[in-house]
Amino acid sequence: MDLVKLTIDNTPVVVEQGTTVLEAARSVGVDIPTLCYMKLDDLEFENKPGGCRVCVVEVEGRRNLAPSCKTACDEGMVVNTHSVRAINARRTVMELILSDHPFECLVCAKSGKCDLQSLAQDLGIREIHYQGEKSHYKGDESPAIIREMDKCIMCRRCETACNDVQTVGTLSAIYRGFESVVAPAFEMDLDHTNCTFCGQCVAVCPTGALIERDYTWQVMDAIVNPKKRVIVQTAPAVRAALGEEFGLEPGTLVTGKMVTALRKIGFDHVFDTDFAADLTIMEEGTELLGRLNKFLEGDKDVKLPMLTSCCPAWVNFFEHHFPEMKDIPSTAKSPQQMFGAIAKTYFANQLKVKREDLVVVSVMPCLAKKYEASREEFSANGDADVNISITTRELAQMIKNANLKFTDLPNDDFDRPMGESSGAGVIFGTTGGVIEAAVRTAYELHTDKELARVDFKELRGFEGIRSATIDFDGLPINIGIAHGLGNARTLLNDIKEGKSEFHAIEIMACPGGCIGGGGQPYHHGDVTVLKRRQKAIYQEDAGKSIRKSHENPYIQKLYTEFLGEPCGEKSHELLHTHYFDKKKKIEI
Amino acid sequence: MVKYKKQIRIALRNCGFINPENVDEYIVREGYAALGNALTNMTPEEVIDVIKNSGLRGRGGGGFPTGLKWELTRKVDADQKYVVCNADEGDPGAFMDRSILEGDPHTVLEAMAINGYCTGASKGLIYIRAEYPLAIKRLKIAIDQAREYGLLGEDIFGTNFSFDVELRYGAGAFVCGEETALIHSMEGLRGEPTVKPPFPSESGYKGMPTNVNNVETYANIPVILLKGADWFSSIGTEKSKGTKVFALAGKVNNVGLIEVPMGTTLREVIFDIGGGIKDGKKFKAVQTGGPSGGCLTENHLDISIDYDNLIASGSMMGSGGMIVMDEDDCMVSMAKFYLDFTVEESCGKCSPCRIGNKRLYEMLDTITQGKGTLEDLSKLRNLANVVKDTSLCGLGQTSPNPVLSTMDNFLDEYMAHVKDGKCPSGQCKALMSYIINADACVGCTLCARVCPVDAISGEKKMAHLIDDDACIKCGACMDKCKFGAIFIQ
Amino acid sequence: MAKVKSLSDLNKMREELQSKMNLREKGEHPDSIVQIKVSMATCGIASGAKEIMDYMINELDNRAIDAVITQTGCMGYCYAEPTIEVTLPDNKPIVFGYVDTKKAQEIIEVYIQTGKLVDGIIPVNYETVNNE
Ligand SMILES: Cc1cc2nc3c(=O)[nH]c(=O)nc-3n(C[C@H](O)[C@H](O)[C@H](O)COP(=O)(O)O)c2cc1C
Ligand code: SF4
Ligand code: SF4
Ligand code: SF4
Ligand code: FES
Ligand code: FES
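Residue numbers (the numbering used here), protein chains in the order written: chain A, 47 to 634; chain B, 4 to 492; chain C, 1068 to 1199.
Given below as structure tokens:
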């Protein structure tokens, strides 16, 4: 690599050719403000349209100011990031952006976490000298995502997430000039598009333009209703991120405090989605072994590789984009829905309450789960298996509303029976976790031998597509892993072209898996946040006495008392689903 | 009558002479001879040298040296390269490129093929706005005829050089004339510019090296090769060689398409060729460079037109729009007119252009309504400078020019609007008052009866009075008054 | 159609075309052929050049005047569209502007048939490189 020398604010800097002025400046402690720019290292997310122009700096010899996020360092460049000209331009541009923004900060869902707001504070904007007409756009509310485009600042991060990372292609800039906005084609509502509700657009939006639909009041309504029993399940990734909302370091596990908080909020039973994750492994693992055995017996029609199906955004993705392959994923429901199905039958029976009087709430890192919960096939007589799904962020809000000082709360344990889980259930929260959990169980069921080691480090990591071959006692099983829907698309195309060598593939829609879900505390572009959450998940797994799903005694009990066999008749009725061809639906 | 000829037609040499739908007529006028000669007797480097030595600069607005651009594209190593002709021509009132394509389409095809030979490209694309149906039709005919004669296609002139041309249609967005936006538009993406570098010559259409030139630039190429670099560079000024086509419009007697040698003065263009100002009115200003340019005044009439002089005077060459204004034109309104255009045409990608131009327009509007303040003027100037300084592409980097140049040259007009609430040229409706001269009024009541908003009062046979606040400035009363008693102030 | 396979092919072709045109112009009726070009770019067509072209074709036909009428591009006199250029045998081309059907009739009856100039002539105010 060639090196180039330049000076930034009188400080000499040597960087590799191709480094941007912004990166070079940051390497010497010059913190140029940015707005549209966002880069997530290792996750193939890079948004630098060079559009906001907040990062402009003065480069000697250039006619115009240069956007530092988009300008490569040149030999001998002399950069001044805080000349009067640059500061005036930056502030004026910021005033312009604010002049086209609704002043609703006090009641905005993003307030306090809004990049626009904090930048305005950092720049010390106290007056907006340029006022005028503001843009107005059609609003859009789906069961999962709300688009309030009047708040959009055209940073295009959502577009990059939806197109470049997820390759879904729902969002793009439409119209011109002052009217331009990011929206689905023809400004259609999201639920009429091919949106997967992965929420990655929400996760990167700097403002309140894209937010989750808030169901906290429905939850409170249910809790105060004396006729209802309200139970809650919490997904694995929530415990690794919730603490961030209360100022704790990313990667701080708050499982025990979370349980206490949920009890104090007033849930009748506090359960764990990890329990249902163990159940998923029983079903999915059995299904995989079934397909493998048929394959070994020479059955030509058997569908391999088997794809996991626990990520609802991923399910939406293949229903919209690869409907011709809808018989390849496992038919096992996601843990959220398995939990709902068992709660509304097995557990409701135990409590002796009618299913309508049992309200199942889920706390998820995810926006697609809100949509999934509303799918018709996951209900009986109009009563949904999971009645309300809220995000990690919404739970934090409920905790605040309940006046709980979260960091001081004591630890507590989940209730039984649906609160017990193995370490395998926990690692569902990160990329690679589902398939590792499946391997732990499938290996033992297939070989009848005990695993010497349960940690499959070869399946862990952060690269977008990973693969490993696991030796099932002489039978090599090829495993693929993809997170981010763009990576999933690559693997799917391989399968379509008959190039895939895998027997099983795990797919998670969100970069990093559920720890990077659209409902998690905002990472503000810092990938280490996700990495630390991942570490916390593996730490929780390692601390568990039971590490394999099939060893969870409450799961064993569930099968003997209620379900019978994995993939048996009852399981099929309650724990498996089927998929739809949604390609036609969106044709216009 | 014109005593001597101020115009030399190089780019337009065949327009109006040949039947554009007949390749034979082009061939008779030495068409395709330059291509044939280049392919047969010259190396690409030699051709590029001729273009470089001729001093030809891009006619699309920027004035980048054409030979140098070709050389840059040539030097990039790639399997596939592209030659693009920019025929987007979005500047309002400009139609130089359209006229060339309608009158002499083969010259553009020939030049593109020469360019392909020089840069190593086998594919040419013409990006033309769909609103130019006649130009499209004639280009299609020309492409077919050239293919039929083997002047496009495989092994042209029996050499192993192959080249073909396709048309791509634009929806007529001004910003799609910007070369990176144009390329995105051809790729089926949103017509939005990206930050340069990389320039298209390194990474353009489909990520491949792409040479983008303007229609008029191409139209100069065959003649230069036939007549030589020395001949071409003998015309024009030191740094701007050859001629420039202008679409002369506005308040001149002879509006039309003209081609003058670089170095001709604005006075010669407006008064000799243009035949002076219409209706004997007084010349006030001339806008060159369309919405990206600035206005020039009486004081600039004797500067000679070339790239550098125009920029030094606060305007620019642009693509060749030239609009002449007389004493009736309000310069604030003129700036507002152009900003209105830019607001419509901004792609919306960068905030200074998307929001800044809108605010500039709104401020100008406030001023023309007589509601501006002195503070607005300093805000206007600051914002104009920031938009210019921070915008992503040439559109936003130049859109404030009409504001800045009118403020520089006609500050008194701005002052009159904000300080005295007057529009000196009487164009701003909100600022004019209809007044009845009491001495001339005989009290016939005719005006009061036609006023649609009952703003006129007065007894019969007594002088009448117009209530300025109620008046909507429709002028009906003035038209009706038989005694000429109503006037505008 | 013959393909141009080399530079000399092109040169030969040009010479042939040139002499064909000379023949057409000066050949059979050296004194009587009239050449007319109608400026048919967008600006001309918008001001009615098509109608003028049709009118002239008909009118010349009716009067049995031997003439070649062709379309051409913009002559640059947009203020005076429609414009036509008339070349009488052994005369310099003359451009007429603001041509409506009345003017066209006058041009045919007076200028073409008698050789007397009529109003509406536009002075050619440029040089073209090929004419040098
Ligand atoms: C907003 C904008 C609009 C432009 N429109 C045109 C156009 O309509 N035609 C054109 O040839 N160049 C246009 N340009 C200039 C092109 O970007 C480019 O410089 C030109 O096509 C290069 O050709 P040249 O070197 O032959 O001039 C435009 C530039 C900007 C910034
Ligand atoms: S939720 Fe996902 S698929 Fe839907 S618009 Fe956002 S990024 Fe695209
Ligand atoms: S919706 Fe949000 S992420 Fe998308 S462009 Fe607007 S501000 Fe940016
Ligand atoms: S300057 Fe205007 S046209 Fe150019 S990129 Fe910015 S918004 Fe688009
Ligand atoms: S952060 Fe650089 S242009 Fe937006
Ligand atoms: S606080 Fe609501 S968008 Fe910034």
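Backbone N, C-alpha and C define an ideal beta-carbon position, used for all residues, glycine too.
Computed from a prediction, not measured in an experiment: that's the story for all the values here.
| Item | Value |
| --- | --- |
| Got a sec, what are the start and stop residues for the alpha helix (DSSP H) L338 (chain A) sits in? | T319 to L342 |
| Could you give the DSSP three-state label for M337 (chain B): helix, strand or coil? | helix |
| Check for me: the beta strand (DSSP E) holding K349 (chain A) runs from which residue to which? | Here K349 (chain A) belongs to no beta strand (DSSP E), and DSSP marks it neither H nor E. |
| If we call anything under 7 Å between Cβ atoms a contact, is I1132 (chain C) one with A1171 (chain C)? | no |
| Since V409 (chain A) and L441 (chain A) should fall inside the 8 Å C-beta cutoff, what is the C-beta to C-beta distance between them, to a whole number of angstroms? | 5 Å |
| Round the Cβ separation of I308 (chain B) and S57 (chain B) to the nearest angstrom and send it over; I've been treating them as touching at under 8 Å. | With 8 Å as the limit, I308 (chain B) and S57 (chain B) do not qualify as a contact, their Cβ atoms being about 18 Å apart. |
| The alpha helix (DSSP H) that contains A414 (chain A), what's its start and end? | A414 to A419 |
| Report all residues from its chain with a CB closer than 7 Å to the CB of K274 (chain A); omit the five preceding and five following residues, and keep chain order. | A268, D403 and V405 |
| Please name the residue, chosen from A:G571, A:K616, A:M444 and A:M304, that lies closest to N457 (chain A) on a Cα-to-Cα basis. | A:M304 |
| Within 10 Å of its beta-carbon, does R16 (chain B) have 16 or more other beta-carbons around it, so buried, or fewer, so exposed? | buried |
| Give me the Cα-Cα distance between L620 (chain A) and A419 (chain A), rounded to the nearest whole angstrom. | 15 Å |
| Could you tell me which chain B residues have their CB closer than 9 Å to the CB of G614 (chain A), listed as they occur along the chain? | Residues of chain B passing the Cβ test: none, with the nearest at roughly 52 Å. |
| Look up S1106 (chain C) in the DSSP assignment and say whether it is helix, strand or coil. | strand |
| Please decide whether Y1165 (chain C) counts as near chain B, where near means a Cβ-Cβ distance under 7 Å. | no |
| For G194 (chain B), is the classification buried or exposed, using 16 other Cβ atoms within 10 angstroms of its Cβ as the cut-off for buried? | buried |
| For the alpha helix (DSSP H) containing V265 (chain A), list its first residue and its last residue. | T262 to V270 |
| Starting from R222 (chain A), follow the beta strand (DSSP E) in both directions and report where the run begins and ends. | That residue, R222 (chain A), is in no beta strand (DSSP E); it is neither H nor E in DSSP. |
| Can you give the Cα-Cα distance for S436 (chain B) and R452 (chain B), rounded to whole angstroms? | 19 Å |
| Please work out which residues of its chain come closer than 6 Å, Cβ to Cβ, to Q492 (chain B), disregarding the five sequence neighbours upstream and downstream, and give them in chain order. | S436 and I438 |
| Please confirm if the stretch 232-244 of chain A is in contact with the stretch 209-224 of chain A, defined as three or more CB-CB distances below 8 Å between the two stretches. | yes |
| Any beta carbon of chain A sitting closer than 7 Å to that of R357 (chain B)? | yes |
| Between the Cα of D368 (chain B) and those of B:Q430, B:S318, B:G351 and B:A145, spot the shortest distance and give me the residue it belongs to. | B:Q430 |
| Note down the Cα distance separating N216 (chain B) from F67 (chain B), rounded to an integer number of angstroms. | 10 Å |
| With distances taken between CB atoms, is the gap from L461 (chain A) to H315 (chain A) smaller than 7 Å? | The amino acid at residue 461 (chain A) is misidentified as Leu; the sequence shows Asp. Yes, the Cβ-Cβ distance between D461 (chain A) and H315 (chain A) is below 7 Å. |
| Could you tell me which residues DSSP pairs with F235 (chain B) in its beta bridges? | DSSP, once it has assigned bridges, lists no residue as partnering F235 (chain B). |
| Report the partner residues of V432 (chain A) according to the DSSP bridge assignment. | Paired residue(s): none; V432 (chain A) is not in a bridge. |
| Are at least three pairs of beta-carbons, each pair with one atom in the stretch 256-271 of chain A and one in the stretch 378-387 of chain A, less than 8 Å apart? | no |
| Return the chain-ordered list of same chain residues with a C-beta closer than 7 Å to the C-beta of M123 (chain A), the five sequence neighbours on each side being excluded. | L52 and V105 |
| Does the beta carbon of C115 (chain A) fall short of 6 Å from some heavy atom of ligand 5? | yes |
| For C98 (chain A), would you say it is in contact with chain B, using Cβ-to-Cβ distances shorter than 7 Å as the test? | yes |
| So what's C88 (chain B) in DSSP terms, helix, strand or just coil? | strand |
| Mind checking if V1071 (chain C) is an interface residue toward chain B, Cβ cutoff 7 Å exclusive? | yes |
| Using only alpha-carbon positions, find the residue among B:N256, B:V255 and B:A250 that is nearest to V263 (chain B). | B:A250 |
| Roughly how many angstroms separate the alpha carbons of A41 (chain A) and M84 (chain A), rounded to a whole number? | Limits of chain A in this structure are 47 at one end and 634 at the other, which puts residue 41 (chain A) out of reach. |
| For M410 (chain A), which of helix, strand or coil comes out of DSSP? | strand |
| Hey, quick one: how far does the beta strand (DSSP E) through I21 (chain B) stretch, first residue to last? | Segment: none, I21 (chain B) is in no beta strand (DSSP E) and carries neither H nor E. |
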